[in-house]
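Colleague: Counting with mature numbering (1 follows the signal peptide of the UniProt record, and there is no 0), you get residues -28 to -1, 1 to 429 for the letters of the first sequence.
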Amino acid sequence: MVCRFSTKLLNICIASLCKVGQLEKAEAVVIDGIRLGLLPDVVTYNTLLSAYSRFVGIDAAYSVIHRMKEAGISPDVITYNSLIAAATKRCLLSRSLDLFEEMLRTGIRPDVWSYNSLMHCFFKLGKPDEANRVFQDIILTNLLPSSSTFNIMINGLCNNGYTGYALSLYRYLQRQGFVPELVTYNILINGLCKSRKLNAARRILRELGESGNVPDAITYTTVMKCCFRSRQFEQGFEIFSEMKSKGYAFDAFSYCAVIAALTKTGRLEEANDIMEQMARSDIDLDIVSYNTVMNLYCRNGKLEATYKLLDEIEEHGLECDEYTHTILIDGLCKAGNVEGALRHLKNMTKMGFDSTLVAQNCVIDGLCKVGQLDHAIKMFASMEVKDSFTYSSMVHNLCKARRYRHASRLLLACLRGGMKILRANQRSVIDGLCYSGYTSEARRLKSKIRLARILHY
DNA sequence: GTAGGGTTAG
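See the structure below:
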């Protein structure tokens, strides 16, 4: 009895160290405990596992599960739930599904937390129907849904393009007595902003204010980002200032949102100021923060500093992602080094990145800017996937070279594919055709554009 | 032991 009580105390001590990421000290306490004859139990290992997953990585978390098995302690539902949630968070979705099956195989009964994670996983996989089936299972069986069940459901519906359903579910649940939490409001505001339902988003923001909840840094970042997305930059920057004056702590999310927006609008000095503020703070930079800074360096034309940053990323044990490489490729293009950009694009393909579309678009534009239009046309023809940026770039540059009939063909191909193209580009093609005497072609193009608009909007 | 916000191109 005395011994069990002491292990409990030991676990409390370990948990408090794990909470602040002091993993070495926590491990030392485990060893001290063993010396005193207090063997770690399932709670000890679960505590360590979630801390390793949070502060180190998923592999470190897996090694804890091996350690506990070696010590003869069986993982329980909490062990599996932690691992499944960690895998889902990192988009290792097949691992999450495997773990869920493994849990069933070993005879551990999943609880509502396990089902919540499974639902989240299906949403991330872009399988809303399967997620919905899990949701129905939770509702129809004896499992009591938690508020997170509803939050995950609302968020998943939003992320899979069903904001309308998300909103109806939210209203229905409210009528059933569900009291939304701050997270619920943040989820809805974000989902509605992303699908450009700004009036609905404003309504939810108002409801949040009336609910007695206080918006947090996430609410602010969400609304700020929403302004940037709808090109209301001044309003977004005002929100950033408001956050500051109200004493909210900035984290990497809010810093990156505002630095990126300042960079995009060419307000580089202000962007540099804020970037330095972020560097001076005690925030650990992750890959997204590095990408944001790197993009700013590229815009400043500081390619050497950019390469130094790449070393720094490596030194910190972080991995460059699709964004990092794309930003570098664009930076090389903007500096006129298209050869370098092409080389790096090849590397990127070799590295096995799924999508290099944005990077290819940057190179197409770069080639045109250095006068290699025919090279760009060749590259364009060889691309398997194209989007509206690809077409816009080509149309714009063909017009600049007065090759209006070629531009007109691409413009039509773009519209036929259901993609939008900048009005300014459409205008240039029509005006160019008229100017060079192809008036009837210009007329035909106009009517085809009108038809495409009717068909696709 | 879950759920929410941030980075790239015309």
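Where a beta carbon is used, it is the ideal one built from N, C-alpha and C, also for glycine.
(1) Are Ala224 and Val260 close, meaning C-beta to C-beta below 8 angstroms?
(2) Using three-state DSSP, classify Met(-28) as helix, strand or coil.
(3) Quick one, which of Gln(-7), Gly9, Asp48 and Ile3 has its alpha-carbon nearest Arg26's?
(4) If you count every other CB in all the chains shown that lies within 10 Å of the CB of Met(-28), and 16 or more means buried, which is it?
(5) Can you tell me whether Lys197 is buried or exposed, with buried defined as 16 or more other CB within 10 angstroms of its CB?
(6) Just to confirm, are Leu170 and Ser140 a CB contact at a threshold of 8 angstroms?
(7) Count the other CB atoms within 10 Å of the CB of Lys358; is the residue buried (16 or more) or exposed (fewer)?
(8) Ile37 and Pro47: beta carbons closer than 8 angstroms?
(9) For my contact list, Ser54 and Ser22 are in at a C-beta cut-off of 8 angstroms; report their separation, rounded to the angstrom.
(10) Over what stretch of residues does the alpha helix (DSSP H) that includes Val265 continue unbroken?
(11) Can you tell me where the alpha helix (DSSP H) holding Pro100 begins and where it ends?
(12) Using 8 angstroms for Cβ pairs, my map puts Tyr262 next to Ser226. What's the rounded Cβ distance?
(13) Is the segment 140 to 157 close to the segment 108 to 115, with three or more CB pairs under 8 angstroms?
(14) Check each candidate in Thr78, Arg81 and Ser66 and name the one with the smallest Cα separation from His92.
(15) Going by Cα to Cα distance, which pick from Gly5, Thr51 and Ile30 is closest to Thr19?
(16) Flag this pair as yes or no: are the beta carbons of Asn369 and Leu345 separated by less than 8 angstroms?
(17) Determine the extent of the alpha helix (DSSP H) in which His288 is found, giving its start and end residues.
(18) My guess is that Val195 and Ile161 are in contact by the Cβ rule of under 8 angstroms, so how many angstroms apart are they, rounded?
(19) For Tyr407, count the other beta carbons within 10 Å of its own beta carbon; 16 or more makes it buried, fewer makes it exposed. Which is it?
(20) Alpha carbon to alpha carbon, how far is Lys218 from Asp403? Give it in angstroms, no decimals.
(21) Grab the span of the alpha helix (DSSP H) containing Asn88 for me, first residue to last.
(22) Does Ser408 come out as helix, strand or coil in the three-state DSSP assignment?
(23) On the three-state DSSP scale, how would you describe Ile30?
(24) Could you pull the start and end residues of the alpha helix (DSSP H) that Thr156 belongs to?
Modeller: Walking through what the data contain:
(1) yes
(2) At Met(-28), the pLDDT of 41 sits below 50, so the modelled position is not reliable; the number obtained from the coordinates is stated separately. Of the three classes helix, strand and coil, the one that applies to Met(-28) here is coil, per DSSP.
(3) Gln(-7)
(4) Legend: pLDDT at Met(-28) = 41, less than 50; position of this residue unreliable, value from coordinates given subsequently. Flag for Met(-28) reads exposed.
(5) buried
(6) no
(7) buried
(8) yes
(9) 5 angstroms
(10) Ile259 to Arg271
(11) Pro100 to Leu112
(12) Contact doesn't hold; Cβ gap of about 16 angstroms is too wide.
(13) no
(14) Ser66
(15) Thr51
(16) yes
(17) From DSSP, His288 is part of no alpha helix (DSSP H); its letter is neither H nor E.
(18) 7 angstroms
(19) exposed
(20) 52 angstroms
(21) Val84 to Lys96
(22) coil
(23) helix
(24) Leu154 to Lys166
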